[in-house]
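Novice:
Protein chains: 2
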Amino acid sequence: MANGSTKEKILDAAERLFARSGFHSTSLRTITTEAGVNLAAVNYHFGSKDALIGEIFRRRLKKLNGQRIKGLEKVRKEAAERKTRPDLEATIRAFIAPSLPLLRSEQGTCFITIVARAIMDPNQQVRQIFLREMKDVLALFFDTLQSALPHLPQDALFSRLQFMLGIMGHTMFNAGKPSWNPLKLEQETGIDILFERMISFVKAGMEAPLE
Amino acid sequence: MANGSTKEKILDAAERLFARSGFHSTSLRTITTEAGVNLAAVNYHFGSKDALIGEIFRRRLKKLNGQRIKGLEKVRKEAAERKTRPDLEATIRAFIAPSLPLLRSEQGTCFITIVARAIMDPNQQVRQIFLREMKDVLALFFDTLQSALPHLPQDALFSRLQFMLGIMGHTMFNAGKPSWNPLKLEQETGIDILFERMISFVKAGMEAPLE
DNA sequence: GAATGAATAAAACGATCGTTTAAAAAGGTC
DNA sequence: GACCTTTTTAAACGATCGTTTTATTCATTC
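These protein sequences, in sequence, are chains A and B.
The first sequence begins at 175 in the working numbering and counts up by one.
The second sequence begins at 175 in the working numbering and counts up by one.
(1) Taking beta-carbon pairs under 7 Å, can you tell me which members of the region 318-349 of chain B lie near chain A?
(2) How long is the line joining the alpha carbons of A:E397 and A:C284, rounded to whole angstroms?
(3) What's the call for B:E280, buried or exposed, on a 16-neighbour Cβ count within 10 Å?
(4) Does the beta-carbon distance from B:R232 to B:E182 come in below 8 Å?
(5) Closest to B:L226 by C-alpha separation, out of B:T206, B:G245 and B:G210, would be which residue?
(6) Any Cβ of chain B within less than 8 Å of the Cβ of A:P275?
(7) Could you check how far apart the C-beta atoms of A:A382 and B:A378 are, in whole angstroms? I think they sit under 8 Å.
(8) Check whether the region 337-344 of chain B and the region 339-356 of chain A touch, using three or more Cβ-Cβ pairs below 8 Å as the test.
(9) Can you find a C-beta in chain B that's less than 8 Å from the C-beta of A:P296?
(10) Can you tell me the Cβ-Cβ gap for A:R301 and A:D310, rounded? I've got them flagged as a contact below 8 Å.
(11) At a CB-CB cut-off below 7 Å, which residues of chain B make contact with A:T363?
(12) Using the C-alpha atoms, what's the distance from A:L305 back to A:D329?
(13) So, does the CB of B:A378 fall closer than 8 Å to a CB anywhere in chain A?
(14) Confirm, please, whether the CB-CB distance from B:V249 to B:T318 is below 8 Å.
(15) For B:L468, which option in B:I373, B:E385, B:L384 and B:M380 has the closest C-alpha, if you only look at C-alpha atoms?
(16) Only counting the same chain, and skipping five residues up and downstream in sequence, which positions put a Cβ closer than 6 Å to that of B:H219?
(17) Closer than 8 Å by beta-carbon distance: list the chain A residues that pair up with B:E370, in chain order.
(18) Which of the three DSSP states is assigned to A:P355 in this structure?
(19) Going residue by residue through the region 232-276 of chain A, where are the continuous alpha helix (DSSP H) segments of at least 4 residues, counting only ones entirely within it?
(20) Would you verify that the beta carbon of A:G196 is, or is not, closer than 8 Å to some beta carbon of chain B?
(21) So, with DSSP's three-state summary, where would you put A:L335?
(22) Does any residue of chain A have a CB that is nearer than 8 Å to the CB of B:L312?
(23) Over the uninterrupted alpha helix (DSSP H) stretch that includes A:S279, give me the two end residues.
(24) Just how far apart, CA to CA, sit A:T265 and A:K257?
(25) Out of A:A188, A:G240 and A:K223, which has the shortest C-alpha to C-alpha gap to A:N297?
(26) Could you give the DSSP three-state label for A:M372: helix, strand or coil?
(27) Quick check: is the beta carbon of B:R381 nearer than 8 Å to any beta carbon in chain A?
(28) Using a Cβ cut-off of 9 Å, pull out every chain A residue sitting near B:L262, in sequence order please.
(29) My output table needs one value for A:D224: the three-state DSSP class, helix, strand or coil.
(30) Would you identify the three-state DSSP class for A:D295, choosing helix, strand or coil?
(31) With a threshold of 8 Å between beta carbons, is A:A225 in contact with chain B?
(32) A:F375 touches chain B at which residues, Cβ-Cβ below 7 Å?
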């Protein structure tokens, strides 16, 4: 897919507009106008609006989850060489860190916004498109977590993994957006500080004692 | 508002259908058909579709946040009498616990689903309607947390509060729904167990050391 | 029981949606 | 330069949306 091609112009425009107004409220006419292409181009190149949505996820998640898998396998390899358990914090970082660069670009932030919404989207197709793309990396992440926290029962660990996904979705969705601000904190918290806070919170939660 | 009145029939039907298909994908025709009333009834009784959405939040959040405030004030009073800091776990429980009964009824679960979506809704009006209803209780919760964790800087605590909201939204949205299941855990985790896990995770995260 | 206002009902309005069609333009091959 | 495929364009299709209008029914009050 050539850079600047019609397909890419559509994908970029759709990414921005879906982030701003959601899947259902963004019309193909708005997308094609923003992209500077003809209305019929979406159905010609992608087949349908749903297929376009799927392609938006596929395009970014392939690289993103590839980095996650590479990071997780590095953690596992190092643990095997040291004959220890995988380091918990390193495991968490391997999953979270690759998403940080996305939040440094406007276009990447749009994608994050879309992902956060897709998890709770009413349209089941949207959720399944996203889940299919995440299945492998989530399985590897869960497995590594289990090795790092061998005393935790599987279903308790699964709950805690879900907690972490909830934190990530909510935090990254709100990053850079004006949201509820209880005491009008002057300076916006930077992304890097936010990520460090997220990691220390999740790490402590993962290590919390069982009732 | 009388029980079984047209307004209530519309609110109940809309709550179910919004949870199933989202705000934008649920038409007034579907709602009024499910409610067994005339199409024009929504605009007559509520003014517009957006106003109906707002009323759905108001109806439940008034009671829900009332219970939260009552619980939080009890925690604060007990701390004042004992001349100690508010108990962290009790503070967290006071905020989370009132939402548990909702998850025990089908209709209440629909409301939870709607709330979780509203937080990330593309429509700014939807988000603001929800935020306005939550502002007071969030401020009181933040203030109590600050008393319970006086060593934490305000902005760090604020981040952790956001993490907790992310956990709540994600967890309660997924409760009772089929979602990603890595190892096909046979039995579904009960709501009560899930809440206890949530509380211990959040408590540990709140108490995590600062970098 | 007539009068007044609230509630319900049926029908239509204008607008917008995703998709399809058919023709024109562009690109590549021999 | 003719031929074929790919891509772009303009126009239309059928369906559905939130809302409004107008008329009718219901309930209440004097």
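The C-beta atom is built at its ideal place from N, Cα and C for all residues, glycine as well.
Specialist: With the given structure in hand:
(1) With the criterion set as a beta carbon lying under 7 Å from some beta carbon of chain A, the members of the region 318-349 of chain B are Q328, D329, A330, F332, S333, R334, Q336, F337, L339, G340, I341, G343, H344, T345, F347 and N348, in sequence order.
(2) Limits of chain A in this structure are 175 at one end and 385 at the other, which puts residue 397 of chain A out of reach.
(3) As a working note, residue 280 of chain B is residue 106 in the second sequence. The C-beta of B:E280 has fewer than 16 other C-beta atoms within 10 Å across all chains shown, which makes the residue exposed.
(4) Locating residue 232 of chain B in the second sequence gives position 58, counting from the first residue. Locating residue 182 of chain B in the second sequence gives position 8, counting from the first residue. At least 8 Å separates the beta-carbon of B:R232 from that of B:E182.
(5) Numbered from 1 along the second sequence, position 52 holds the residue referred to as residue 226 of chain B. Checked all of B:T206, B:G245 and B:G210; the closest Cα to B:L226 is B:T206.
(6) The residue labelled residue 275 of chain A in the question sits at position 101 within the first sequence. No, its Cβ sits nowhere closer than 8 Å to a Cβ of chain B.
(7) Reading the first sequence from its first residue, position 208 is the one you call residue 382 of chain A. Reading the second sequence from its first residue, position 204 is the one you call residue 378 of chain B. Taking a contact as a CB-CB distance under 8 Å, the pair A:A382 and B:A378 counts as one, their CB atoms being some 3 Å apart.
(8) The region 337-344 of chain B is in contact with the region 339-356 of chain A.
(9) The sequence position of residue 296 of chain A within the first sequence is 122, counting from 1. Yes, contact with chain B.
(10) Start at 1 with the first residue of the first sequence, and residue 301 of chain A comes out as number 127. Start at 1 with the first residue of the first sequence, and residue 310 of chain A comes out as number 136. Approximately 17 Å separates the beta-carbon atoms of A:R301 and A:D310; this is outside 8 Å, ruling out the contact.
(11) Taking the first residue of the first sequence as 1, we reach residue 363 of chain A at position 189. Chain B residues near A:T363: D329 and S333.
(12) Start at 1 with the first residue of the first sequence, and residue 329 of chain A comes out as number 155. Start at 1 with the first residue of the first sequence, and residue 305 of chain A comes out as number 131. Rounded to the nearest angstrom, the gap between the Cα atoms of A:D329 and A:L305 is 19 Å.
(13) Reading the second sequence from its first residue, position 204 is the one you call residue 378 of chain B. Yes, B:A378 lies at the interface with chain A (some Cβ there is under 8 Å from its Cβ).
(14) The sequence position of residue 318 of chain B within the second sequence is 144, counting from 1. The sequence position of residue 249 of chain B within the second sequence is 75, counting from 1. It is a contact, given that the beta carbons lie within the stated cut-off.
(15) Here chain B covers residues 175 to 385 and nothing more, so residue 468 of chain B does not appear.
(16) By one-based count along the second sequence, residue 219 of chain B stands at place 45. Counting only Cβ-Cβ distances below 6 Å, and skipping sequence neighbours, we find K181.
(17) Taking the second sequence and counting its residues from 1, the one referred to as residue 370 of chain B is at position 196. The contacting residues are E385.
(18) Your numbering for residue 355 of chain A matches position 181 in the first sequence. Residue 355 of chain A is actually Asn in this sequence, not Pro. A:N355 falls in the coil class under three-state DSSP.
(19) Here the runs fully enclosed are 262-270.
(20) If you number the first sequence from 1, residue 196 of chain A lands on position 22. Taking 8 Å as the threshold, the shortest C-beta distance from A:G196 to chain B falls below it.
(21) The residue you call residue 335 of chain A lines up with position 161 of the first sequence. Helix, per DSSP.
(22) Numbered from 1 along the second sequence, position 138 holds the residue referred to as residue 312 of chain B. So, interface residue.
(23) Position 105 of the first sequence, counting from 1, holds the residue named residue 279 of chain A. Where A:S279 is concerned, there is no enclosing alpha helix (DSSP H), given that its DSSP letter is neither H nor E.
(24) Working through the first sequence from its first residue, we reach residue 265 of chain A at position 91. Working through the first sequence from its first residue, we reach residue 257 of chain A at position 83. Taking the straight line joining both Cα atoms gives about 16 Å.
(25) Within the first sequence, the letter at position 123 stands for residue 297 of chain A. Comparing Cα positions, the closest option is A:K223.
(26) Translated into the one-based positions of the first sequence, residue 372 of chain A becomes position 198. In this structure, DSSP gives A:M372 a helical state, which the three-state scheme calls helix.
(27) Here the question's residue 381 of chain B lines up with position 207 in the second sequence. Sequence inspection shows Glu at residue 381 of chain B; the Arg mentioned does not correspond to that position. Closer than 8 Å: yes.
(28) On the second sequence, residue 262 of chain B is found 88 positions in, with the first residue counted as 1. For B:L262, no chain A residue has a Cβ inside 9 Å of its Cβ, as the nearest lies near 13 Å away.
(29) Here residue 224 of chain A refers to the residue found at position 50 of the first sequence. Helix at A:D224.
(30) In the first sequence, counting from the first residue as 1, residue 295 of chain A sits at position 121. Coil at A:D295, not helix or strand.
(31) As a working note, residue 225 of chain A is residue 51 in the first sequence. No, A:A225 lies away from the interface with chain B (no Cβ there is under 8 Å from its Cβ).
(32) Sequence index remark: in the first sequence, residue 375 of chain A carries index 201 (1-based). Per Cβ cutoff of 7 Å: R334, F337, G379 and A382.
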